[in-house]
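Structure, as C-alpha cells:
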Amino acid sequence: MLRTRTAVVAAASALALVALCLAHLSQGTAALAPADILRALGSSGSDGAVAVLVGSRLPRLVVGLLVGGALGAAGCALQAVTRNPLAAPDTLAVNAGAYLTLTACAAFGVSVGFLSGAAIALVGGLLAAGAALALSAGSRSSVRLILAGTVLALALHSITSVLLLLYAQETSGLFAWGSGSLGLGTTRGLLPTALVMAAAVAGLLLLGGRLDLLQLGDDQARSLGVRVLSTRVGTVGLAVVLSACAVSLAGPLGFVGLCAPALARGLRRWLPALRRQRALLVAAAVAGTLLVVASDIAVRALFGSLDAVQIPTGVATTVLGALFLVLLSRRMRTGAAESSPAGVATPGRLTARHPGWTLAAAVGLAGVAGVLALLAGDRFLLLGDVVNWLGGRASSRLTVVLDARLPRVLSASLAGAALGLAGVLTQTVTRNPLADPGILGVTGGAGLGAIVALNGASTFGIASGYGMVTAGALVGAALAAAALLGLTASDGADGVRLVLVGLGISAGTTALTTLVIVRSDPWNQAKAITWLGGSTYGAAVERTWLLAVLLVLCAAAVVRLHRAWDLLQVDDLLPRVLGVPLRRTRVGTVLLAVVLAALATALVGVMGFVGLAAPHLARLLAGPRHAVVAPLSAALGALVVIVADAVGRTALAPAQLPVGLVCALIGAPYFIWLMRRMRADT
Amino acid sequence: MAVPLTACGTTDDAVSGDATTSGEKITVTDAGGSAVTIDGPAKRVVTLEWAQTEDVIALGVTPVGIADIKGFQVWDTAVDVPGDPVDVGLRAEPSIDSVADADPDLILGVEESIPADALAQMEKIAPVVLLKAADATAPLDRVRENFETTATLLGKQDAAAKVLDGLDDSIAGAKQQIAAASPAPYTFAYVYAEGSQVSFRMHADRSIPGAVAKELGLTNAFTGAGDDAWGLESYDLEALTKLPADTRFLYWADPKSDPVQDVLATNPLWSSLPFVQAGAIEEFGGGIWMYGGPKAMQQLVDAYVAVFAG
C-alpha cells in the first residue's frame, strides 16, 4: 500500500517534471515554434534552432533544474542539521554573502576570469555562513542561529545596496538580478558547477544516515556512535557549496531553499519513507526543481517572453514559494517556539536593578543624538548656528540646510520609536523572539501598498501626495497583518508557524514591490533601492504629526496595558486566571503594532531590523517588564534610526545613503555582539 | 570629536537683512510646463544630471556644483570639467547641504533629479529648472531644446547657436560620407553582465544614439519601438536571432569590463549568430554619454563616421 503510494508520487513528480521541462523549452524570445524546438531536440532541425536550443534554452532549463535542486537539497540539509524548519540559504546569509561578493566585483570593475562567478560567490557564501555559524556557535538555541543569519543577511544586503547606489552605472542590471534570474550568457562554468553540485549532493546523501540519528538529539546520537561535530560541519559545508554554486549561476533565487524542504516535509504524513533524511533530501531537491522551473514558466507566460527578460524569475519563485510556505505551514506540526522573548534576553544585573535610570539614559541619549544629528551633515554646524536659526537670524544657506535637516531628524526619530514599539508589542503578543513587523511581513505589506498607491496614482494621473502613500501603507499593512493572523489564528501559540507564514508574506511583498518597480521604471534602480532601503530624503515636518500623535496615544496605552502585556508574554493561562481579557488585549495590541509599522513605513520607506533589535536590546538592559521595556524599546529604536540617518547623510557625503541600509549596517554588529553577550550569560 | 566642535560658535554669521539682486528677468518653461523666472543670466549653476553638466560647460560656464563629478568624468568625455566645482552627491538624491553650500543662483536638472518631496527645499536655495530628460517621440529635438533652454538661462544663446550649427554641419557632412559607403544595417546595444548572465539594452530609432544614426542615414536592424522616454528595450541572447544576418552589431559596455569577450565568447548561440561569425561586431562609443547633449552627439556622429565610413 505504502509502496504503491510512494511509486505513484514518484511517478507523478517525474511526469510533472518532464511536462514542465517541455513547456519550459517551448518558451523563449527567438522566433521559433515549439515544433522547431522539438525537432531540434532530435537534432534534425535547422542550424538556427539547434543553436538556440544549445546556446540558450537548454542552458536555461539546466540552470533552473540545477539551481532548484541544489537549493532544495541545501535547505533540507541545513534544516536537518539545525533541527530548524527556518534554516535555509536565505536565512543563514549564504545567498546574501555570495550576492555581495559578485556585486563588489562588478562595482570595482574587478575582472573575473574563468569560472569566476562560481568561485567568487562560493567565497562570499562560505564567509557569510561561517560568520553566521560562528556567531551562534556553542548555542543550543536554533532560534539564535536564524537570528544571527537573518541579521547578517540584512547587513550584507545593505552593503550590496550601497554599492548598487554608488556605482549605479557600473552595476546596472544587478538590482533585478539580485532577485534571481535564469538566463545564461555562457555555458562555460555550467559543467564544472554541475559536477561540484553533484558531488555535494552525493556527500549529503552519504551523511544522511548520521543526520537521521542526529534528529534524536546530540547526546542520543553520540551514544549511538555518531561524530556529531564532524557531521554538522560537513553537512553545513556541503550545503553552503550547493547554495553558493546556485547563486553564481542564477543570483540569489529567493526562498527556494526554505520552501522546497517544507514542501517535501509536508508529504511526510502520506509518505513515511520521507522520514528518512536521504529520501527527504531527494524529495526536497525535486521539489526545488519543480518550483524553479514552474516559476520561470509562469513569469514568461504571464508577461510574454520578451517582457519577462527584465523580470527576475526569483520574483516568481519567491511569490510561489511564499504561497506554498503559507499553505503548508498550516498543516505542519512545528512545535511552539522554544524560547520566549523574555527568555532570550537575560538582563545585566546592574541595569535590571535600575530600569528607570536605564530608560532615562536612553531617552537622554536619543535627545543628544537628535541634536548632534541636526549638526551633522555634509558640513558640521555649531550650536550657535542652531541658535541663530531658531531665532530666525541664520544666513539663508544655514536656514535652508537646517530646514531640510530638521524634518529628517524628526522623521527618523519618530519612525524609529514607532518601529521599536511595534517590535516589542509584536514579540510580546506572539511570545516569539523572532517576531517583528519586518520579519512578519507587515512593513513589507505597507511598502507594497505604498508603492502600488504611488504607481496607481500616476497611472490615473492623480497627484500622488503623502496622503496617498499613507493610505496605501495602511491598507497594505492591514492586509498583510490580516493574512498573517487569519492564517495562523487557529494555532494558538505556535511561534514557528507564525514566523514561517510571516516570512512568506514578507518575502512575497518584497518580491512584488521589486516587480512593481522593475515594471514601472525599469532603468531606475536607484529609486527602487532607495525605496526598499528606507529614506528620510525630502522629509517634511507636516508629515510627521500623524505618527507623533499616535505615539502619544501609545504612551497612554503603555500606562494602561503594561501589566496585561507582562502577563501575556508568559503564557495564555496566567492572564486568564488574573482576569485579563485575552482576546481583546491581543487584537488591540496587534492593531496598534500594525498601525505603528504602517505609519513608520509611509514616513521613511521599508526599514528592517529596528523592530527586531530594539526590543531585544531593551529587554537585555531592563528585564521583561513592559512599563519600562516598551518605552525603552521606542527610545532605543529612535536612537538607532537617528544615528543611522546622521551616518547616512555624512559618511559618504555628499552621497546620501538610505537610512534603512545604514540601520542594518550599524545595527547588525551591535546586535551580534549582543547575542554573544547573551550566550556568555546563559 | 563632534562634541567640542559643537559646543559653541557658529559657522556662518548671523544676518539681519537680505541682499537683493537686480537684472533682466529671464523666464523659461520647465518639463512640467510651468514658467520659471530668474533674475538675469545665471552665473552660479548647480547641475544635477550629466547631460545638463555637459551642456553648461559646453556653453562656457563652469558649474559651481555637479552631481557625481567622478562618474561624469568617466562616462561623459565630451567636455572637460574646468576649475574645482563642488560635488553635490549622487544623481538620484543630490545633497541639499552641498547644493546650499555651493550657493547657486540656479539649480538645473531633469525631472528625476529631485524627488517631488524635496523640491520645495531645493527651491529655497535657488530657482530650480527641471527639464525633461528624454522623449522618445522626438529625441533629438529634446536634446536641442534642453540645450537652448539652458543657453537662455545662462544668457549664452550665441554660443548655443554656434554649437548647434556646428553639429548640423557635421551631421550633413557625415551623412554624405556614410551614404557613399552605403553601409549594412546596424544595431546598437548596451551589454551588461551579471554573474554569468548577459543582458542587452537595445537602442531603438527613438533613442538618442538611434536617432543620431537615423539622421546619418543608417538603418537600425532593431525595429522595436523601445520605451516612451529612452527608446530602450531589454533583450536576451536568444532574441538577437531576430536581427537580420547582415547586421553590424555595435555594443557599448562598462569601460572596465568587456562582457562580450569575458562571457559571451564561449556561448554556442552567440558564436552561431551570423554577424558574430562574420566578425561584424564592434565595441562602440566608450566615453560617449549616450544620453548627453549636443557635444556628446557630436562625438557620436564622429564615432559613427569612423565605423561606417572610416
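Same order as they appear, the protein sequences are chains A and B.
If you number the first sequence the way our numbering does, the last residue is 730 and the count never jumps.
If you number the second sequence the way our numbering does, the last residue is 1428 and the count never jumps.
Where a beta carbon is used, it is the ideal one built from N, C-alpha and C, also for glycine.
All values reported here derive from a predicted model rather than from experimental measurement.
Enumerate in chain order the residues of its own chain whose CB-to-CB distance from residue i is below 7 Å, with the five nearest sequence positions on each side excluded.
i, result
"B/GLY1335", "LYS1293, ILE1296 and ALA1297"
"B/LEU1382", "VAL1316 and TRP1388"
"A/TYR215", "ALA155"
"A/ARG316", "LEU322 and ARG323"
"A/ARG624", "LEU630"
"A/GLN325", "ALA128, GLY256, LEU259 and ASP260"
"A/LEU73", "ILE85, ARG105 and LEU109"
If residue i and residue j are in contact, beta carbons under 8 Å, what's the gap, nearest whole angstrom?
i, j, result
"A/LEU647", "A/LEU684", "That pair is no contact at about 19 Å."
"A/LEU535", "A/VAL549", "5 Å"
"A/GLY715", "A/ALA661", "5 Å"
"B/LEU1177", "B/ALA1269", "6 Å"
"A/PHE303", "A/ALA555", "5 Å"
"A/ALA144", "A/PRO300", "7 Å"
"B/GLU1401", "B/ALA1371", "7 Å"
"B/PRO1203", "B/VAL1182", "6 Å"
"B/SER1231", "B/LEU1166", "4 Å"
"A/VAL654", "A/ALA666", "Wrong, their Cβ atoms sit about 22 Å apart, outside the cutoff."
"A/TYR147", "A/THR54", "With 8 Å as the limit, A/TYR147 and A/THR54 do not qualify as a contact, their Cβ atoms being about 38 Å apart."
"B/LEU1271", "B/VAL1146", "6 Å"
"A/GLY489", "A/LEU532", "6 Å"
Can you find a heavy atom of the ligand ADP that lies under 7 Å from the Cβ of residue i?
i, result
"A/LEU488", "What this structure holds is no ligand at all, so the ligand ADP is not there to describe."
Does the separation of the CB atoms of residue i and residue j fall below 8 Å?
i, j, result
"A/LEU680", "A/LEU669", "yes"
"B/ASP1420", "B/ALA1347", "no"
"A/LEU422", "A/ARG441", "no"
"A/LEU262", "A/ALA122", "no"
"A/ASP138", "A/LEU306", "yes"
"A/ALA203", "A/LEU713", "yes"
"B/PHE1265", "B/THR1305", "no"
"B/ILE1156", "B/PRO1257", "no"
"B/LEU1282", "B/ARG1260", "no"
"A/GLY471", "A/ALA528", "no"
"B/ILE1144", "B/PRO1159", "yes"
In chain order, what residues of the same chain have a beta carbon less than 8 Å from the beta carbon of residue i, not counting five sequence neighbours either side?
i, result
"A/LEU65", "VAL334, THR337, LEU338 and VAL341"
"B/TYR1422", "ALA1292, ILE1296, VAL1330, ALA1331, LEU1334 and LEU1336"
"A/LEU63", "none"
Under 6 Å Cβ to Cβ from residue i, same chain only, skipping five residues before and after it: list those, please.
i, result
"A/PHE719", "VAL199 and ALA661"
"A/ALA30", "Residue coverage of chain A in this structure runs from 49 to 730, which leaves residue 30 of chain A outside it and unanswerable."
"A/GLN75", "ARG348 and SER353"
"A/VAL274", "ARG258 and LEU261"
"A/PHE162", "Legend: pLDDT at A/PHE162 = 45, less than 50; position of this residue unreliable, no value from coordinates given."
* **Selection of the stretch 1204-1236 of chain B by Cβ proximity to chain A, strictly under 9 Å** => VAL1204, ASP1205, VAL1206, GLY1207, LEU1208, ARG1209, ALA1210, GLU1211, PRO1212, SER1213, ILE1214, ASP1215, SER1216, VAL1217, ALA1218, ASP1219, ASP1221, GLU1230, ILE1232, PRO1233, ALA1234, ASP1235 and ALA1236
* Asked: Should the stretch 329-343 of chain A be regarded as contacting the stretch 263-270 of chain A, the criterion being three or more beta carbon pairs within less than 8 Å?
  -> no
* **contact_flag[the stretch 341-348 of chain A, the stretch 356-374 of chain A] where n(CB pairs < 8 Å) is 3 or more** => yes
* Asked: How do the stretch 1207-1214 of chain B and the stretch 1227-1243 of chain B stand: do at least 3 beta-carbon pairs fall below 8 Å, yes or no?
  -> The answer is yes - the stretch 1227-1243 of chain B touches the stretch 1207-1214 of chain B, with three or more Cβ pairs under 8 Å.
* **Residues of the stretch 72-97 of chain A whose Cβ lies closer than 9 Å to any Cβ of chain B, in chain order** => GLY76, THR77, ALA78, ALA79, LEU80, ASP95 and GLY96
* What are the residues of the stretch 1350-1378 of chain B that lie near chain A, defined by any Cβ-Cβ distance shorter than 9 Å? -> LEU1350, GLU1351, SER1352, TYR1353, ASP1354, LEU1355, GLU1356, ALA1357, LEU1358, THR1359, LYS1360, ASP1372, PRO1373, LYS1374, SER1375, ASP1376 and PRO1377
* Touching by the beta-carbon criterion (3+ pairs, under 8 Å), the stretch 1184-1204 of chain B and the stretch 1168-1175 of chain B -> Pairwise C-beta distances place the stretch 1184-1204 of chain B in contact with the stretch 1168-1175 of chain B, as three or more of them are shorter than 8 Å.
* Selection of the stretch 1242-1255 of chain B by Cβ proximity to chain A, strictly under 8 Å -> LYS1242 and ILE1243
* Asked: If contact means a Cβ-Cβ distance below 8 Å, which residues of the stretch 578-601 of chain A contact chain B?
  -> THR578, SER583, TYR585, GLY586, ALA587 and ALA588
* In the stretch 1317-1333 of chain B, which residues sit with their C-beta less than 7 Å from some C-beta in chain A, listed in chain order? -> SER1317
* Asked: Are there three or more Cβ pairs, one per stretch, closer than 8 Å when the stretch 518-533 of chain A is compared with the stretch 487-499 of chain A?
  -> yes
* When you check each C-beta in the stretch 347-374 of chain A against every C-beta of chain B, which residues fall closer than 7 Å? -> Taking 7 Å as the Cβ-Cβ cut-off against chain B, the residues of the stretch 347-374 of chain A that qualify are LEU354, VAL357 and GLN358.
* Quick one, which residues of the stretch 317-337 of chain A are near chain B if we go by CB-CB under 8 Å, in chain order? -> Cβ contacts with chain B: none found.
* Asked: Does the stretch 617-635 of chain A come close enough to the stretch 436-451 of chain A to have 3 or more Cβ pairs within less than 8 Å?
  -> Here the stretch 617-635 of chain A makes no contact with the stretch 436-451 of chain A; the two share fewer than three CB pairs at distances below 8 Å.
* Asked: Of all the residues that make up the stretch 99-119 of chain A, which are near chain B by a beta-carbon distance shorter than 7 Å?
  -> Within the stretch 99-119 of chain A, the qualifying residues are ALA99, VAL100, VAL102, GLY103 and SER104.
* Asked: What residues in the stretch 670-702 of chain A bring their beta carbon closer than 7 Å to a beta carbon of chain B?
  -> ALA701 and PRO702
* Would you list, in chain order, the members of the stretch 1379-1390 of chain B that have their beta-carbon closer than 9 Å to a beta-carbon of chain A? => If you check each beta-carbon in the stretch 1379-1390 of chain B against every beta-carbon of chain A, the ones closer than 9 Å belong to ASP1380, VAL1381, LEU1382, ALA1383, THR1384, ASN1385, PRO1386, LEU1387, TRP1388, SER1389 and SER1390.
* **Short-range partners of chain B found in the stretch 438-453 of chain A, where Cβ spacing is below 9 Å** => GLY439, ARG441, ALA442, SER443, SER444, ARG445, LEU446, THR447, VAL448, VAL449, ASP451, ALA452 and ARG453
* Asked: What residues in the stretch 1165-1190 of chain B bring their beta carbon closer than 8 Å to a beta carbon of chain A?
  -> GLY1189
* Asked: Which of the residues in the stretch 1391-1406 of chain B, read from start to end, lie with their CB under 7 Å from any CB of chain A?
  -> none
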